[in-house]
Amino acid sequence: MGNFKAFLKKKNIEISMKRYGIDAMSAMAQGLFCSLLIGTIINTLGTLFHIPFLTATVATVADKKYTVGGLAMAMSGPAMAVAIGRALQCPPLVLFSLVTVGFASNALGGAGGPLAVLFVAIITAEIGKMVAGETKVDILVTPLVTVFVGVFFSWLLAPALGKLAMLVGNFIMWATELRPFLMGILVSVVMGIALTLPISSAAICAALGLTGLAGGAAVAGCSAQMVGFAVMSFKENKWGGLVSQGIGTSMLQMPNIVKNPRIWIGPILASAITGPMATCLFHLQMNGPAIDSGMGTCGLVGQIGVFQGWLNDIEAGSKAAITVNDWIGLILISFVLPAILAPAFNMICKKLGWVKDGDMKLQ
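Numbering (our numbering), first residue to last: 73 to 435.
Structure, rendered in structure tokens:
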């Protein structure tokens with residue numbers, strides 16, 4: 073056992089929740105951002121502003137036509153797998169071999185492809201690291217083993233993982249349709265907390281395929297955290313903090329939350345209010361890519377996703393037009409209400425002596 077532990081240490085294999093549940097998942101979200109998300113944004117810009125280069129076919133593969141954005145979206149599996157491999161500090165030959173593994177697991181995982189990529193890429197990366205550098209023909213052995221193992225586990229696990237993710241996601245969306253008030257609160261609060269924690273709410277939403285009303289609640293919760301912390305801490309962090317948290321990430325507040333968890337009360341309570349308002353009052357739905365549901369106001373991706381969903385619905389004939397009420401709901405839920413509610417709750421916490429000035433100062 074001692075020799076095996078020493079071998080794992082030599083190979084930089086650390087079996088821990090931090091490495092797999094935080095580092096790998098966060099990296100997977102970045103891979104999704106650089107492929108599926110960016111591709112969606114490019115397609116949206118092309119359609120919205122009628123940009124010929126962005127709407128024209130630039131490549132045709134097996135009779136399937138791709139735009140610039142379409143090509144980026146098609147690479148989501150490889151992008152996720154390579155991002156995970158980088159987070160796990162894979163040697164170059166293992167890292168590059170994960171391109172094939174990501175494509176295979178994402179394709180075989182279907183709608184739950186991102187969850188399949190997460191599991192398969194982690195398993196494959198660690199096995200590839202065990203083999204790397206152990207033979208004199210590393211240039212052949214390492215890619216061969218990595219690709220073979222990755223494709224095998226994709227075939228073995230990806231379909232089941234994909235179905236599991238789809239079932240869980242469908243259940244959450246079904247429950248939200250059935251009980252929009254209660255599930256609006258639950259989804260909004262949980263996804264908002266996940267966004268601020270050092271894990272990835274975007275990856276969770278993508279893995280579960282969280283769209284529809286549940287996706288709208290997720291947008292509400294994530295936005296409440298980001299805008300809430302940005303406005304609450306304006307006195308300490310000024311405009312730089314407003315921008316870095318409001319359109320960057322509320323995860324910047326995690327060191328302060330560890331010091332005083334009560335600073336989290338305001339954004340969490342705000343999300344508990346905006347979530348059911350999104351589902352019951354404004355019927356805010358995310359019918360764009362599922363990953364957008366977990367992005368909140370980060371780069372305004374959540375809002376762009378909702379807008380893309382409106383365009384998709386109009387094209388499909390299920391929506392006549394984008395209404396004034398649609399815009400009012402999106403703006404109120406995403407920006408106005410979090411900017412009012414979170415500071416109001418935080419002010420109560422200050423009066424109770426739970427929070428004091430300086431508690432949210434960014435380092």
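No residue lacks a Cβ here, since even glycine has one placed at the ideal position from N, Cα and C. As the structure is a computational prediction, the values presented were derived from the model and not from experiment.
- When rounded, the separation of the alpha-carbon atoms in residue 429 and residue 418 is 11 Å.
- Nearest neighbour of residue 295 by Cα position, chosen from 192, 103 and 318, turns out to be 318.
- Note on residue 327: under 16 other CB atoms within 10 angstroms of its CB, so exposed under the neighbour-count rule.
- A direct Cα-to-Cα measurement between residue 118 and residue 125 gives close to 8 Å.
- Here residue 192 is buried: its Cβ has 16 or more other Cβ atoms, across all protein chains shown, within 10 Å.
- Contact between residue 362 and residue 282 is confirmed by a C-beta separation of about 5 Å, below the 8 Å threshold.
- By a beta-carbon distance limit of 8 Å, residue 112 does not contact residue 435. Their separation comes to about 34 Å.
- 189 is the residue among 189, 131, 134 and 120 whose C-alpha sits nearest the C-alpha of residue 104.
- Linking residue 148 to residue 155 through their CA atoms gives a straight-line distance of about 10 Å.
- As computed with DSSP, residue 284 is found in a beta bridge with 358.
- Here residue 135 is exposed. Its C-beta has fewer than 16 other C-beta atoms within 10 Å.
- Exclusion of the five residues before and after residue 330 leaves no residue of its chain whose Cβ lies closer than 8 Å to its Cβ.
- Cβ-Cβ distances below 7 Å link residue 123 to 117 in the same chain, with the five nearest sequence neighbours on each side left out; the list follows chain order.
- DSSP places residue 433 in the coil class of the three-state scheme, outside both helix and strand.
- Taking 8 Å as the cut-off, the beta carbon of residue 405 is found closer than this to the beta carbon of residue 346.
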